[in-house]
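Colleague:
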Amino acid sequence: EMQLVESGGGLVKPGESLRLSCAASGLTFSSFAMVWVRQAPGGGLQTVSSMSSSGSYIFYADSVKGRFTISRDNAKNSLYLQMNSLRAEDTGVYYCATVTGLGWLDPWGQGTLITVSS
Amino acid sequence: EIVLTQSPGTLSLSLGDRATLSCRASQNVLSNYLAWYQQKPGQAPRLLIYGASSRATGVPDRFSGSGSGTDFTLSIARLEPEDFAVYFCQHYSASPYTFGQGTKLEIK
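In the order they appear, the protein sequences are chains V and A. Position 66 of the first sequence, counted from 1, bears residue number 781 in this note's numbering, the numbering being contiguous throughout. Position 99 of the second sequence, counted from 1, bears residue number 101 in this note's numbering, the numbering being contiguous throughout.
(1) Which residue from A/Leu23, A/Pro43, A/Gln103 puts its Cα closest to that of glycine 69 of chain A?
(2) Can you check whether the C-beta of valine 31 of chain A is within less than 8 Å of a C-beta belonging to chain V?
(3) In this structure, how does DSSP classify aspartate 821 of chain V when only helix, strand and coil are distinguished?
(4) Could you name the residues of the same chain whose beta carbon sits closer than 6 Å to that of phenylalanine 101 of chain A, not counting the 5 residues immediately before and after it, in chain order?
(5) Expressed to the nearest angstrom, what Euclidean distance is found between the alpha-carbon atoms of alanine 87 of chain A and valine 808 of chain V?
(6) Could you say which of V/Trp823, V/Gly741, V/Gly818 lies nearest to glycine 53 of chain A if we only look at CA atoms?
(7) Given that a residue counts as buried once 16 or more other Cβ atoms are within 10 Å of its Cβ, and exposed if not, what is alanine 812 of chain V?
(8) Have a look at isoleucine 4 of chain A and serine 28 of chain A and give me their C-alpha separation to the nearest angstrom.
(9) Is the number of C-beta pairs between the stretch 781-796 of chain V and the stretch 733-740 of chain V that are closer than 8 Å three or more?
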């Protein structure tokens with residue numbers, strides 16, 4: 716069974732940093748592009764960052780460019796998101812997901828909650 | 003960037019009814035690269051439909067997707083209790099892949 720498990724969320728103050736991890740199992744991790752999607756309170760979904768299977772193509776939403784860094788370790792079947800200079804508007808649940816086929820997302824992890832508040 | 007607008011925001015229906023959810027794109031979605039997801043409270047989104055009309059593994063056949071270009075529809079025939087949830091559309095025809103704002107399907 717394909718499974719993704721996120722970790723690293725928590726409560727932080729504005730300006731602080733966090734590193735999220737996503738551990739994959741049951742799939743050939745190195746074959747898939749991966750994505751971080753966040754869901755702000757109130758429900759909308761936003762693609763925050765994505766990385767191709769080899770790591771050669773990276774996307775960042777404008778709102779996180781220069782503050783967030785995506786990376787992956789195919790040997791460890793893991794995806795990461797280093798989040799610096801966190802802001803209140805970064806608050807939400809962060810999901811990692813596998814980019815399957817031509818671009819749909821399946822499966823998704825269970826999510827990890829980030830709360831940025833003073 | 004393609005903007006996806008879902009309607010209605012909330013849909014109130016009864017068990018056994020048919021639900022029709024709309025997703026309209028601001029630009030043509032190439033090759034019908036559109037997916038639908040279901041999200042229940044406290045859970046991650048779950049893939050239902052990809053390629054506008056192909057059901058994901060394990061998705062009941064009462065769920066169907068249709069449409070092309072800029073107008074897409076998710077239909078749910080014969081609503082069952084577990085179908086009441088929030089539904090999102092997502093395109094993957096060009097970066098960035100964006101989502102609609104969601105339609106909440108609630109029991110009337």
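The C-beta atom is built at its ideal place from N, Cα and C for all residues, glycine as well. Note that this is a predicted model, so its numbers are computed, not measured.
Modeller: Let's see:
(1) A/Leu23
(2) no
(3) strand
(4) Phe90, Gln92
(5) 18 Å
(6) V/Gly818
(7) buried
(8) 6 Å
(9) yes
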